[in-house]
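Per my numbering, the very first residue in the sequence shown carries number 111; after that it's consecutive. Backbone N, C-alpha and C define an ideal beta-carbon position, used for all residues, glycine too. Computed from a predicted model, the values in this text were never measured in an experiment.
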Amino acid sequence: MNSCPLTLGTFNCKNIKRSIEDVRALCRSCDVLCLQETWLMSHDIPFIGTIDSGFGYTATSAMDTSAGILRGRPYGGTAVLWRYSAFQQVSVLQCANSRICGIKVITCDRPMIVISVYMPTNSVDNLLEFIDCLSAVSAIVDEYGSEAVFILGDFNADPGELFYSELCNICNDQLWSCVDTELLGLDSGTFTFISDVYGTCSWLDHCITSQSAKHSVTDVDVLYDTQWSDHFPLIVHCDLKLLAPKILPKIINANKDIVWGERSVEQINMYTSECHNRLRLIDFPSDCVNCANRACQDRSHWQTLDTLYADIVTALRDAAAVSRGSRKGGRSGSRVVGWNKHVSAAHREARSKLHEWRMCGKPKSGCVYQDMRESRRVFKSRLKWCQDHQEQIKMDSLAEMHSKGNFKGFWKSTSKINVRPGLPVSVDGVNDPREIANVFKNHFSVKSPLGPAEEALNKNVNNQVAPMAFLAKNVSKAIKSISRGKSPGHDGLSIEHLQYAGPHITRVLAMFYSLCVSHSYLPVDFMKTVVVPVVKNKTGDLTDKTNYRPISLATVIAKVFDGLLNAQLNEYVTLNDNQFGFRPRLSTESAILCFKHTVKYYTNRKTPVHACFLDLSKAFDLVQYDRLWDKLRSINLPEELISVFQYWYLNQSNSVRWAGAVSDPYRLECGVRQGGLTSPTLFNLYINDLIVSLGSQRVGCYVDGVCVNNLSYADDMVLLSASICGLRKLIHICEEYAGGHGLKYNVKKSKCMVFKAGTKCPKDLPPVLLNSVPLEVVDQFKYLGHVITHDLKDNADIERERRSLSVRANMIARRFARCSQAVKITLFRAYCTSLYACSLWADYNKRTYNDLRILYNNAFRVIVGLPRFCSASGMFAEARTACFHATMRKRCVSMVRRVRASSNVILKAIGDRLDCPFLRHCCDRHVPAAAWVRRF
């Protein structure tokens, strides 16, 4: 592979006019140079363009001359210089922040973003501004949609200091890397700054990269021969050939004529009428209907069901195609934003005048000629205006939908504003789209560690009992419960096709589903699933197949059937109350509350608690079918339903789609179906016996006689015990269960934590083994997205939420800057008031809590565009939006209500206690005492 070298540099030059020779020397060796504290006023910025004629530039000045005479060392600004000959294309990023400037470049067919930052000085008072700047950078990266990102500059973050610790936390949240400290090492003695006053050395300048860009960095060094600044340039050497080139996603839809899209009321009514006429003509085969054998294996009946399914699909497809109308005269190519509202009328007028001009023999003068020219001028001017104001048109459309109360269209349009990333040219060294699809096929298909399941179906069905039949009202309920706007399956049908199909569709599908169950058979096309790889980390390595997760697109008729089966399944499945995942009226917050209350219950009584956080590797993909069928029989699920599950899982056909190409089909050897409505219930049933077994051991933690030695949220399990011996016994039970059920524990991700209670817990604890490997003991762990510390302090989790809120606020402020005030307020309510697990914050210092409150207020000011020091209470009251304290009160009261009303045994025990520190905190800090008494 040929190399494509690129050299990046960052330099705090203090004063660019005084350091101009140093900067020119750097221009001779760097392709991109980031400068900070340029000491230039706004009208002096063009001076940067005179440094080197071979370089372009962009700069921002933060020197406010209107504030009076400048004294001392005011902050100057940032700049980026780039070599013209090194790049195919360069565009300047609109940063709207004097501490940030950047460019997006394309070289060697690789797009990348380079940003120059200059952070405030390292102090507690400047921490919020530091976080805000990095959050603004994150919003810029998210908006411009490039996975290769280089952020260089003076971060004022010396290792071991406050800003560096916060920088590391933000890098972990955003999946960034500080490549200079990683490559050179913190113990290397590297420094980029020498204090002129004290003579001390610090490492203040850094290069932060995305995971994708990190792979291209080959070397980092510091130039110590600079004369005119107290900072030294940091140089980063890259090979862009190590980055993945991009292509635009190529979507080939064989059913493009029936994709639902946005339709008028007339078209919907026409579709309903067409479906009514077609579906009522479908006759059900009498031989299948009259078949009394509920495990019928007659192949001719199977062919009849195939034909019946094809007739239903054809009726829906044809009705959709007919109701869409003719496409003659329609536009081809990419859609112009605002066409229907601003251009279509002028386009029709221009076509009409053009046709009239042609009919008149194409005269070169006269009124017909002038009318034709004028209509074309109006059309082109409106088209150009739309192309130049696309963003504003989108924002105006959002405002219009919001004002009319069309919130469904509002949120749908909001989600479409996200930048659609391109696809890498190659994955795992493979370039051909079909071969890439097969790479993902091999990656997503999981081999069963216990061998493939048996294909023989159980035929011991009691034929004396009436066969199971689905009712039309149940089908109608299942259809209504599925959300619209989802991607269709291989047949191009979406849920809208069923919801607008009229009354006959529920009758037809009810009979079809009943026949499928009675014959333990499903048509081949019914079970076909399209698997689409979706990127996990947009700034990660897009050529790495492990950076993708599968999304399965099943046929919509199969989704409805899956919903019916799930309703039947829930009537027979009874789960242990220690399982909180995928259950109604329970959430991650419920599991976290039970965990923290149990630990606090013991530590308040001077008893330490030993916790083990277990991580199952690909738990949903390793469910063994033979074990699953046995568990379904153990709950007395009707045998015909078990047979349908067996047939579906053993015969489902999956194909990966990539850039329009489709892989070879493959089947599942193990694992529940990805995206299936019954999959969460089946997995909970599969793991339920482990939870029951742990609860029957009489070891571990108990609260008021209720066993809390294990808590689960789907495959996330935590074990709790007051002793090491008890914890070891619980882990041993988990190991045995996993071994017998084909599951695997990830030792690297599984951790232990000790919650001490005074001096009772010894300093040196014996090791806890999982699969004969000692588990790491940590002081902090992110459990279900909530940061747990060994002392149960909530400061770390509040800081996590503060960073997350800052990123969300900056994203909204940038992406929806041109929206109306009403739209911005709605977006703030939706994205900034959902403070995750905030009702569980009971032990924190006042400063950390106030920092979050200040950020909450500033986020509203930035999004709405208010002055920084305006009244917080006044702005929230005027906008009719909950302030920080009101939001906290609502969340806390909501949590207390759910706990008190819950039928879960553990939550009920917590709700009945008056000494629960978390419920008492909600009472004492957020809800007035009188109101608490009235409510509870």
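- For residue 302 against residue 342, the beta-carbon gap comes to about 5 Å, under 8 Å, which counts as contact.
- CA-CA distance, residue 278 to residue 775, rounds to 44 Å.
- The residue from 391, 258, 228 and 417 with its alpha-carbon nearest to that of residue 325 is 258.
- Annotation: the continuous alpha helix (DSSP H) that includes residue 1015 extends over 1015-1022.
- Here the stretch 275-293 lies against the stretch 311-322, with 3 or more beta-carbon pairs under 8 Å apart.
- The continuous alpha helix (DSSP H) containing residue 608 extends over residues 605-609.
- The beta carbon of residue 801 sits closer than 7 Å to those of 686, 688, 689, 820 and 822, all from its chain and outside the five residues before and after it, given in chain order.
- In this structure residue 256 is in contact with residue 222, their Cβ atoms being roughly 6 Å apart against a cut-off of 8 Å.
- Per DSSP, the beta bridge partners of residue 884 are 879.
- Excluding the 5 residues flanking it on each side, residue 550 has same chain C-beta neighbours closer than 8 Å at 537, 641, 643, 655, 658, 660, 766, 768 and 773, in chain order.
- In the displayed model, residue 820 falls within a strand according to three-state DSSP.
- Comparing alpha carbon positions, the residue from 937, 742 and 254 closest to residue 680 is 742.
- A straight-line Cα-Cα distance of about 20 Å links residue 785 and residue 633.
- Distance from the CA of residue 979 to the CA of residue 702, rounded to the nearest whole angstrom, comes to 37 Å.
- In the structure shown, residue 867 falls within a coil segment according to DSSP collapsed to helix, strand and coil.
- For residue 896, the enclosing beta strand (DSSP E) stretches over residues 896-899.
- Listed in chain order, the alpha helix (DSSP H) elements of length 4 or more contained wholly in the stretch 576-642 are 582-591, 605-609, 614-629 and 634-637.
- Per DSSP, the continuous beta strand (DSSP E) segment holding residue 166 begins and ends at 165-171.
- Excluding five sequence positions before and after residue 201, the CB atoms of its chain that fall closer than 6 Å to its own CB belong to 214, given in chain order.
- Taken in chain order, the stretch 906-985 contains no complete beta strand (DSSP E) segment of 3 residues or longer.
- CA-CA distance, residue 1014 to residue 555, rounds to 37 Å.
- Burial of residue 936 is indicated by the presence of at least 16 other C-beta atoms within 10 angstroms of its C-beta.
- Note: residue 220 is bridge-paired with 217 in the DSSP secondary-structure output.
- For residue 707, the enclosing alpha helix (DSSP H) covers residues 698-713.
- Judged by DSSP in its simplified three-state form, residue 790 adopts helix.
- Remark: C-beta atoms of residue 908 and residue 954 approach each other more closely than 7 Å.
- For the options 433, 204, 116 and 867, the alpha carbon positioned closest to that of residue 249 is the one of 204.
- Separation of residue 590 and residue 816 (C-alpha to C-alpha, rounded to the nearest whole angstrom) is 39 Å.
- CA-CA distance, residue 504 to residue 380, rounds to 30 Å.
- No Cβ-Cβ contact shorter than 7 Å links residue 862 with residue 704.
- Taking 7 Å as the cut-off, the beta carbon of residue 191 is found no closer than this to the beta carbon of residue 228.
- Between residue 193 and residue 164, the C-beta spacing is below 7 Å.
- Close CB contacts of residue 962 within its chain, under the 7 Å cut and outside five residues either way in sequence, are with 908, 911 and 912 (chain order).
- Per DSSP, residue 278 is one residue of the alpha helix (DSSP H) stretching across 272-284.
- For residue 252, the uninterrupted alpha helix (DSSP H) run begins and ends at 237-254, by DSSP.
- Taking all protein chains in view, the Cβ of residue 924 is crowded by 16 or more other Cβ atoms within 10 Å, so the residue is classified as buried.
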